[in-house]
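Below is one structure, written out as structure tokens, with a few remarks after it.
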Amino acid sequence: MYYAQPLLDRIADDLDVSAGTAGLLVTASQIGFAVGLATLVPLGDLVARHKLIGPVLGLCALFLLGAAASPVFPVLALALLGVGLTATVAQMLVPLAGTLAADHDRGRVVGTVISGLLLGVLLARTVAGLLAAVAGWRMVFVAAAGVVTLLALVLYRTLPRLPALNPDLTYRTLLHSIGPLVREEPVLRRRMIYGALGMISFTIVWTSLSFLIAEDYSKGEAETGLLGLAGFVGALAAQGAGRLADRGWQHRSTGAFLACMLIGWVLLWFGGDSMLALILGLVILDWGIQGQNILSQSLIFALRAEARSRITTAYMTGIFVSGAIASAGSALAWSLGGWDAVSALGVGFALVGVVLWGTEHWALRRTPRKTKAADTMSTASVELGGPDGI
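Going by my numbering, the sequence shown opens with residue 18, and the numbers climb by one from there.
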């Protein structure tokens with residue numbers, strides 16, 4: 018669903034629409050993704066996943082081919098709506114990875130899958146731009162359809178034939194159970210907040226960065242794209258967060274990653290005048306964002322094995338909504354005060370995360386431990402996220 022973003026100018030020229038109208042393609046894919054999160058991803062708790070993932074990937078390939086063949090703009094918008102809808106298959110794979118992994122190795126496995134998804138997001142724009150320059154924008158979607166088809170065939174052959182987790186539930190009951198699930202699981206609620214704060218930082222910086230590069234550094238799209246490599250480095254570095262979760266270091270590691278987000282934003286603030294500070298800030302910020310995201314998903318998948326897909330829906334919906342709000346907020350901040358206002362906004366949200374973690378840490382230290390057995394139970398509770406959602 019990220020291929021279209023660097024192709025909007027080419028698409029606008031080819032289909033004879035304005036740049037503003039072409040921008041609606043991104044909105045269409047995002048709407049489709051939101052609908053898929055709410056309606057398709059929970060099916061992983063109802064239907065055997067090997068029967069679900071392959072067909073959804075097949076539909077995604079068909080929508081991509083439809084995008085490539087679109088003769089007019091409305092057809093392309095509908096096709097990308099379908100691409101966004103079926104692209105949520107990626108969020109079906111993450112809980113499946115958590116199910117297949119052993120308890121002692123779940124953090125590493127989930128971290129590897131999430132890192133792969135993030136790297137795909139970061140590289141999609143670069144690949145689409147390069148391929149479009151050589152073969153045109155339609156070929157980008159043709160190539161994507163081919164890759165998705167190949168992936169569908171491979172997964173159909175290799176995914177284990179696990180039984181359905183909740184075959185007695187109805188689809189309506191499944192959807193209605195998501196709200197109570199959030200209310201009953203304090204760990205999930207807390208991690209949804211951390212995930213939302215991370216997505217807010219991610220969206221603010223990458224929405225505003227192109228303005229900074231163009232206006233303050235007098236550079237263009239190529240330089241902005243190269244800065245994406247800084248995010249690539251941060252994402253790679255964060256992959257080790259899963260191993261920290263497996264060792265039971267979730268609480269302190271979460272604090273460290275949230276602190277990285279704050280430090281990253283402070284450096285980015287100075288990045289208005291220093292390219293070195295800008296690059297270092299991007300690396301550290303992305304490291305913190307993705308590190309806490311991996312830790313959070315490792316923790317929430319340890320809550321209820323039979324509800325991991327619905328847990329994913331709740332967690333990712335919070336992230337998606339916060340990202341949409343942050344996109345508008347960052348544009349407003351830039352219009353009011355440029356990079357300084359954007360950086361202040363980012364520092365503010367990062368500081369909220371650090372303070373929230375600090376209140377949890379303080380509460381843990383004040384928790385009375387009356388017996389050795391209670392000590393043991395408390396330690397285990399912290400390692401799994403803690404009774405207060407840590």
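We put the CB at the ideal spot given by N, CA and C, even for glycine. Since the model is a prediction, treat every value here as computed from it, not as a measurement.
(1) Less than 7 Å between the CB of Ser-347 and some heavy atom of the ligand MG, yes or no?
(2) Would you mind working out which of Ile-280, Asn-310, Arg-208 sits nearest Ile-296, comparing C-alpha positions?
(3) For the alpha helix (DSSP H) that contains Asn-310, what are its first and last residues?
(4) If you measure between the beta carbons of Leu-97 and Ala-107, is that distance less than 8 Å?
(5) Assign Glu-232 to buried or exposed, taking buried as 16 or more other Cβ atoms, counted over all protein chains shown, within 10 Å of its Cβ.
(6) Report, in whole angstroms, the separation of the C-beta atoms of Val-364 and Trp-304, which I expect to be a contact under 8 Å.
(7) Throw me the rounded Cβ distance for the Phe-101 and Ile-28 pair, which I believe falls under 8 Å.
(8) Only counting the same chain, and skipping five residues up and downstream in sequence, which positions put a Cβ closer than 6 Å to that of Gly-124?
(9) By the three-class DSSP mapping on this structure, what secondary structure does Val-34 have?
(10) Considering only residues of the same chain and omitting the five flanking positions on each side of Ala-247, which have a CB-CB separation below 6 Å?
(11) Do you know how far the Cα of Leu-198 is from the Cα of Leu-148?
(12) What's the call for Tyr-332, buried or exposed, on a 16-neighbour Cβ count within 10 Å?
(13) May I ask you to verify whether the stretch 23 to 42 touches the stretch 130 to 138, counting CB pairs closer than 8 Å and requiring at least 3?
(14) Would you grab the beta carbon distance between Gly-340 and Met-216 for me? Rounded to a whole angstrom, and I think it's under 8 Å.
(15) For Met-278, count neighbouring C-beta atoms within 10 Å of its own C-beta (all shown protein chains included) and say buried if the count is 16 or more, exposed if not.
(16) Looking only at its chain, what residues have a beta carbon closer than 6 Å to the beta carbon of Ala-118, apart from the 5 residues adjacent to it on each side?
(17) Going by DSSP, what residue range makes up the alpha helix (DSSP H) through Pro-112?
(18) Could you work out which residue in Ala-45, Pro-59, Met-209 is closest to Val-92 when comparing CA atoms only?
(19) Where does Gly-37 land, buried or exposed, given buried means 16+ other C-beta within 10 angstroms?
(20) When the distance is taken between beta carbons, is Leu-312 closer than 8 Å to Ala-274?
So, to answer that:
(1) No copy of the ligand MG appears in this structure; indeed no ligand is present at all.
(2) Ile-280
(3) 292 to 317
(4) no
(5) exposed
(6) Actually they are not in contact, since the Cβ atoms of Val-364 and Trp-304 sit about 17 Å apart, beyond 8 Å.
(7) The question names Phe, but residue 101 in the sequence shown is Gly. Actually they are not in contact, since the Cβ atoms of Gly-101 and Ile-28 sit about 16 Å apart, beyond 8 Å.
(8) Gly-259, Ala-262, Asp-263, Ser-315
(9) coil
(10) Ile-296, Leu-299, Val-300
(11) 44 Å
(12) buried
(13) no
(14) 5 Å
(15) buried
(16) Val-126
(17) 106 to 117
(18) Ala-45
(19) exposed
(20) Per the sequence presented here, residue 274 reads as Phe, with Ala not at that position. Yes, Cβ-Cβ distance for Phe-274 and Leu-312 is below 8 Å.
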